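Please read the structure below before turning to the comments.
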Amino acid sequence: MKIRESTFCPVCESTNLTRLERTKDYKYKGKDFSVENIKFTVCDDCSFEFISPRQRAHNDTLIKDEQRKLENLLTSKEIKKGREEILEISQEVASKIFGGGINAFSKYERGEIIQSVAMDRLLRVAFAQETAFRFMAELAGIKVKEKIKTVRKISDYEYVEMVSPVAANSYSYKAAVRKETVFKFKNNPDKAAA
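The opening position of the sequence shown corresponds to residue 1 in this note's numbering, with each subsequent residue numbered one higher.
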């Protein structure tokens with residue numbers, strides 16, 4: 001989606017504009033939070049402050065990501081990183097597997113909308129458990145390529161998969177391994193997450 005940048009003041013129509021950034025305080029569900037790098041424009045002739053459409057899109061992404069953090073949800077960057085680097089699928093394929101509409105992942109990753117708690121949990125399971133992801137893909141009629149990753153980093157946790165031999169079953173997709181996932185805090189690897 002291409003957003004046009006304002007090139008003149010909406011009050012006096014001057015083109016002498018200065019683009020600035022600041023930290024701004026917000027409130028979300030009774031919780032206060034601050035967001036850095038909030039962009040805005042000031043007219044050098046009449047001193048009117050305004051936010052261009054491009055700046056608004058940028059600011060909205062930052063604000064929604066902070067709201068996600070307050071709700072313990074994956075941020076837009078974490079969703080994109082997980083989809084591209086862990087699942088290795090396109091936004092279109094992700095929408096087919098997880099639901100939410102054809103543009104859902106584009107909107108999650110651009111920060112336009114905040115995913116539900118249920119969608120967030122589904123994404124975390126898919127990022128952490130390849131077998132679960134493959135099962136979801138199969139339910140959606142999507143074929144995904146075989147892969148095994150040993151360490152996946154997303155959010156404040158590391159997903160460490162431990163692989164051990166077991167008999168194959170209908171859910172393991174012919175893989176004769178059992179995977180267990182241990183969630184550990186990045187800053188304190190000795191402390192396992194509950």
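For every residue, glycine included, the Cβ atom is placed at its ideal position computed from N, Cα and C.
Since the structure is predicted, the reported quantities are computational estimates derived from the model, not experimental observations.
Count the other CB atoms within 10 Å of the CB of residue i; is the residue buried (16 or more) or exposed (fewer)?
i: Met77; result: Going by the sequence as given, residue 77 is Lys instead of Met. Exposed, since its Cβ has fewer than 16 Cβ neighbours within 10 Å.
i: Asp120; result: buried
i: Ser52; result: buried
i: Cys46; result: exposed
i: Leu74; result: buried
i: Ile89; result: buried
i: Val151; result: Since pLDDT at Val151 reaches only 46, below the 50 mark, its modelled position is unreliable, and the value read off the structure follows with that caveat. Exposed, because fewer than 16 other Cβ atoms sit within 10 Å of the Cβ of Val151.
i: Leu122; result: buried
i: Leu139; result: exposed
i: Ser170; result: Note that Ser170 scores a pLDDT of 35, beneath 50, so its modelled location is shaky; the value from the coordinates is reported in the next line. So Ser170 counts as exposed.
Do you know whose CA, among the options, lies nearest residue i's CA?
i: Arg110; options: Asn37, Asp65, Ser14; result: Asp65
i: Tyr26; options: Ala118, Ile63, Phe98; result: Ile63
At what residues does the alpha helix (DSSP H) containing residue i begin and finish?
i: Asn59; result: 53-70
i: Phe133; result: 130-139
i: Lys107; result: 104-110
With C-beta atoms as the reference, is residue i less than 8 Å away from residue j?
i: Ile86; j: Asn59; result: no
i: Ile142; j: Lys96; result: yes
i: Gln55; j: Phe33; result: no
i: Phe48; j: Gly82; result: no
i: Val42; j: Leu20; result: yes
First and last residue of the beta strand (DSSP E) that includes residue i?
i: Ile85; result: Note on residue identity: the sequence assigns Glu, not Ile, to residue 85. Where Glu85 is concerned, there is no enclosing beta strand (DSSP E), given that its DSSP letter is neither H nor E.
i: Asn37; result: 31-43
i: Glu21; result: 17-28
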